[in-house]
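A.B. asks: Residue 340 in numbering that gives the first Met the number 0 sits at position 341 of the sequence shown, with consecutive numbering throughout. For reference, the structure I am asking about is given below.
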Amino acid sequence: MPCPSLSRLVLRLAVSILMLLPCAPASSLAQETYSERLPPAVARALKQAGIPETAVAVVVQEAGATRAQVSLNAGQAFNPASLMKLLTTYAALDTLGPAYAWQTEILASRLPVAGVLDGDLVIRGGGDPKLGFEQFWLLLRQLRARGVREIRGDLLLDRSLFDAEKIAAAAATPFDDQPLRPYNVTPDALLVNYKTLRLQLLAEQGGKANQAPDLLVEPRPANLAILNRLRTTNATACGDWKAQLQAEYTEYIEDAGNGDTGSASPQLILSGDYPLNCGEQTWHLGAMSHAQYVHGVFRQLWQELGGTFSGRLALDKPLPAPLYPLARSESPPLAEIIRDINKYSNNVMARQLYLTLGAEWLRRNNLDQDERLHQTLRPASAADAARALSAWLAQRQLHFPELVLENGSGLSRQERLSANSLAALLQHAWQNPLMPEFIASLPLAGIDGTMKKRLQTGSAPGAGQAHIKTGSLDGVSAIAGYIRNRHGQWQIIVFLVNHPQAATAREAQDVLLRWVYDGDTLSTPRAGH
């Protein structure tokens, strides 16, 4: 047995040697500071916007370097808004790999005979973030291609991969007062078409006022009653037409008198004034529960495919055993999924990915003895996803002590991260062989995604050279990513603003991007120099 005092001596020597090493781990790359002052043009832009520097955190650092050229309030915890997606997507890419894909399955309690399924149909969700309307149609088309035309049993939905009860409990405290906005759609193991309705409003300019505008809805769930109480007006300007509209969703549960609450009649009531001068506009709503949405879209598409379904949505019916696979859909690879998440800041896709990390962590660790005995896994929750991310950070030697996670998307009032941690994350990604896939997922300034209208070609330097993730909430404005300056050097930039006037900080952020692109004042010592 080794002597305790000798062990402590060896440990101290090891720590001393590590402190003398010239190369620092990725988690400390953003800690050494070149300047704590903002570039004068950035400071002026912030002052003009009425934002004090105490409400701002900034890091500018050359990719692969050990010191930051600029570091202001970089260790303080800020609400990063959608910059939290950088952590979720990079951890997923590094953990699951760029080719990772999700599967959705259709199974049955019996094998169909002569085109008739005299049993229950089960749709099993695998957490696919991008199971769109067309993909769901193709999945059902596989079923028809197998000759199935009539389903006499019930429809059962296996949504057990994610913990629906905990998701619903968290949603009971709404993020804001717009529960039907698509960004508020909650994740689900069987997420179809982002649980969104696309409403196309049509009004003829010069037409009659006080009439209901034409309404086209896609998808058109067969179980949803839509009451169009919208009225056209002669308002001269279209303006913020959405602010004049109201949508009220109710999910009526019919009691059959025998304890069966599986039958429902969802209803969507649309009201408000729609200016004739608006012509044709599109309104997206995240109405309906996940189960009712899937049920309604299934019935719509199955009927369009020429099939018949005489059963009901059985919410409380246990899954039968055995089950026979009939059709399967596979998602695009993760490398494509994270492009959608980061370029367009898709919240529900990010939350799907976050819970997938939790589900994979459960599958790989399988810590529960009962689960090991019965070869089953409990549904994954946000807490499991947080454990998965914590384990990954520790494995990668990334130390983010201020990190607060809620749902991994940044659509949160609680989530926190520092500019130092974001810079360290970006440095780690830069040195990862998967760096090209990660950078390709970020919006390209002046070209696409949420940066399409910023630093546009012909109006500002740096267009097409900055791969930048954006984040915005009430009181939060943030950017982070990579920019190649005019000398060909790659720089990492993080700019966080937490202030009631944060929305006015975009000009200051763009000024910093231009300053970094010019690159005349940047000179960074590299590791070991």
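Glycine residues also receive a C-beta, built at the ideal position from the N, C-alpha and C atoms.
Which one or two residues does DSSP pair with ALA246 in a beta bridge?
C.D. replies: Within the sequence shown, numbered from 1, the residue matching residue 246 stands at position 247. According to DSSP, ALA246 bridges with LEU269.
A.B. asks: Could you say if the stretch 404-423 and the stretch 307-319 meet the contact criterion of at least three C-beta pairs nearer than 8 Å?
C.D. replies: no
A.B. asks: Distance, Cα to Cα, LYS488 vs GLY63?
C.D. replies: For the purposes of this step, residue 488 is taken as the residue at position 489 of the sequence shown. For the purposes of this step, residue 63 is taken as the residue at position 64 of the sequence shown. Note that residue 488 is Gln in the sequence shown here, rather than Lys. GLN488 and GLY63: Cα-Cα distance of roughly 10 Å.
A.B. asks: Check whether the stretch 429-445 touches the stretch 474-481, counting contact only when three or more Cβ pairs, one atom from each stretch, lie closer than 8 Å.
C.D. replies: yes
A.B. asks: Counting contacts by CB-CB distance shorter than 7 Å, is TYR248 in contact with chain B?
C.D. replies: Among the chains in the structure shown there is no chain B, since it carries only a single protein chain.
A.B. asks: At which residue ranges does the stretch 448-493 contain complete alpha helix (DSSP H) runs of 4 or more residues, listed in the order of the chain?
C.D. replies: none
A.B. asks: Check whether the Cβ atoms of SER108 and GLY124 sit closer than 7 Å, and answer yes or no.
C.D. replies: For the purposes of this step, residue 108 is taken as residue 109 along the sequence shown, with counting starting at 1. For the purposes of this step, residue 124 is taken as residue 125 along the sequence shown, with counting starting at 1. With contacts defined by Cβ atoms closer than 7 Å, SER108 and GLY124 do not form a contacting pair.
A.B. asks: Quick check on the DSSP output: what are the complete beta strand (DSSP E) runs of length 3 or more inside the stretch 302-345, in order along the chain?
C.D. replies: 323-329
A.B. asks: Could you compute how far the alpha carbon of ALA56 sits from the alpha carbon of SER288?
C.D. replies: Taking the sequence shown and counting its residues from 1, the one referred to as residue 56 is at position 57. Taking the sequence shown and counting its residues from 1, the one referred to as residue 288 is at position 289. Rounded to the nearest angstrom, the two C-alpha atoms are 39 Å apart.
A.B. asks: Ordered along the chain, which non-local residues of its own chain (more than five positions away) have a Cβ less than 7 Å from that of GLN455?
C.D. replies: By 1-based counting over the sequence shown, the position of residue 455 is 456. Here the set comprises GLY445 and ALA462.
A.B. asks: Classify HIS486: buried if its beta carbon has 16 or more other beta carbons within 10 angstroms, exposed otherwise.
C.D. replies: For this step, residue 486 is matched to residue 487 along the sequence shown. Classification of HIS486: exposed, given that the 10 Å Cβ count is below 16.
A.B. asks: Should GLY278 be labelled buried (16 or more other beta-carbon atoms within 10 Å of its own) or exposed?
C.D. replies: As a position in the sequence shown, residue 278 is number 279, starting the count at 1. With fewer than 16 Cβ atoms within 10 Å of its Cβ, GLY278 is classed as exposed.
A.B. asks: What are the boundary residues of the alpha helix (DSSP H) that includes LEU424?
C.D. replies: Residue numbering aside, residue 424 sits at position 425 when the sequence shown is read from its first letter. Unbroken alpha helix (DSSP H) run through LEU424: 418-429.
A.B. asks: If you follow the alpha helix (DSSP H) that THR88 is part of, which residue opens it and which one closes it?
C.D. replies: Residue numbering aside, residue 88 sits at position 89 when the sequence shown is read from its first letter. It spans 83-95 - the alpha helix (DSSP H) in which THR88 sits, taken as one unbroken run.
A.B. asks: Can LEU284 and LEU196 be called in contact, C-beta distance under 7 Å?
C.D. replies: What you label residue 284 is simply residue 285 of the sequence shown in a count that begins at 1. What you label residue 196 is simply residue 197 of the sequence shown in a count that begins at 1. It is a contact, given that the beta carbons lie within the stated cut-off.
A.B. asks: Run through the DSSP bridge pairs and tell me what ARG593 is partnered with.
C.D. replies: The structure shown does not extend to residue 593, since the chain is modelled only from 0 through 528, so no value can be given for it.
A.B. asks: Work out the CA separation of LEU82 and GLY305 for me, nearest whole Å.
C.D. replies: Looking up residue 305 in the sequence shown gives position 306. Looking up residue 82 in the sequence shown gives position 83. The straight-line gap from Cα to Cα measures roughly 45 Å.
A.B. asks: Tell whether a beta-carbon distance below 7 Å holds between VAL58 and ALA507.
C.D. replies: As a first step, residue 58 must be located in the sequence shown, where it is residue number 59. As a first step, residue 507 must be located in the sequence shown, where it is residue number 508. In this structure, ALA507 does not lie closer than 7 Å to VAL58 by Cβ.
A.B. asks: Apply the 10 Å Cβ neighbour rule to GLN60 and answer buried if 16 or more other Cβ atoms are within range, or exposed otherwise.
C.D. replies: Translated into positions along the sequence shown, residue 60 becomes position 61. Buried.
A.B. asks: By the DSSP assignment, the alpha helix (DSSP H) with VAL57 in it spans what residues?
C.D. replies: The residue labelled residue 57 in the question sits at position 58 within the sequence shown. Unbroken run through VAL57 is the beta strand (DSSP E), 55-61; no alpha helix (DSSP H).
A.B. asks: Counting beta carbon pairs with one atom in the stretch 89-97 and one in the stretch 378-393, are three or more of them shorter than 8 Å?
C.D. replies: Judged by Cβ distances under 8 Å, the stretch 378-393 makes contact with the stretch 89-97, as three or more pairs qualify.
A.B. asks: Specify whether the stretch 352-361 and the stretch 466-473 touch according to this definition: at least 3 beta carbon pairs, one from each stretch, less than 8 Å apart.
C.D. replies: no
A.B. asks: Leaving aside the five residues before and after ALA98 along the sequence, list all residues of the same chain whose C-beta is less than 6 Å from its C-beta, in chain order.
C.D. replies: Against the sequence shown, residue 98 aligns to sequence position 99. Counting only Cβ-Cβ distances below 6 Å, and skipping sequence neighbours, we find PRO332.
A.B. asks: DSSP state of THR281, grouped into three classes?
C.D. replies: One-based indexing of the sequence shown puts residue 281 at position 282. The answer is strand: DSSP assigns THR281 an E or B state.
A.B. asks: Near SER420, which residues of its chain fall below 6 Å by C-beta distance, leaving aside the five closest residues on each side in sequence?
C.D. replies: Taking the sequence shown and counting its residues from 1, one reaches residue 420 at position 421. Cβ neighbours of SER420 beyond the five flanking positions: PHE399.
A.B. asks: State the Cα-Cα distance for the pair THR103 and ALA54, rounded to the nearest angstrom.
C.D. replies: Your numbering for residue 103 matches position 104 in the sequence shown. Your numbering for residue 54 matches position 55 in the sequence shown. Cα to Cα, THR103 sits roughly 45 Å from ALA54.
A.B. asks: Would you say ALA381 and ASN346 are within 7 Å of each other, going by their C-beta atoms?
C.D. replies: On the sequence shown, position 382 is the one that residue 381 refers to. On the sequence shown, position 347 is the one that residue 346 refers to. No, the Cβ-Cβ distance between ALA381 and ASN346 is not below 7 Å.
A.B. asks: Helix, strand or coil for PHE135, going by three-state DSSP, please let me know.
C.D. replies: Within the sequence shown, residue 135 is the residue found at index 136, counting from 1. If DSSP states are grouped into helix, strand and coil, PHE135 belongs with the helices.
A.B. asks: Report back the beta-carbon spacing between GLN280 and LEU226 to the nearest angstrom; my notes put them in contact at under 8 Å.
C.D. replies: Taking the sequence shown and counting its residues from 1, the one referred to as residue 280 is at position 281. Taking the sequence shown and counting its residues from 1, the one referred to as residue 226 is at position 227. Actually they do not touch by this definition, with Cβ atoms about 19 Å apart.
A.B. asks: To the nearest angstrom, how far is it from the Cα of ILE340 to the Cα of PRO212?
C.D. replies: Working through the sequence shown from its first residue, we reach residue 340 at position 341. Working through the sequence shown from its first residue, we reach residue 212 at position 213. The alpha-carbon atoms of ILE340 and PRO212 are separated by roughly 34 Å.
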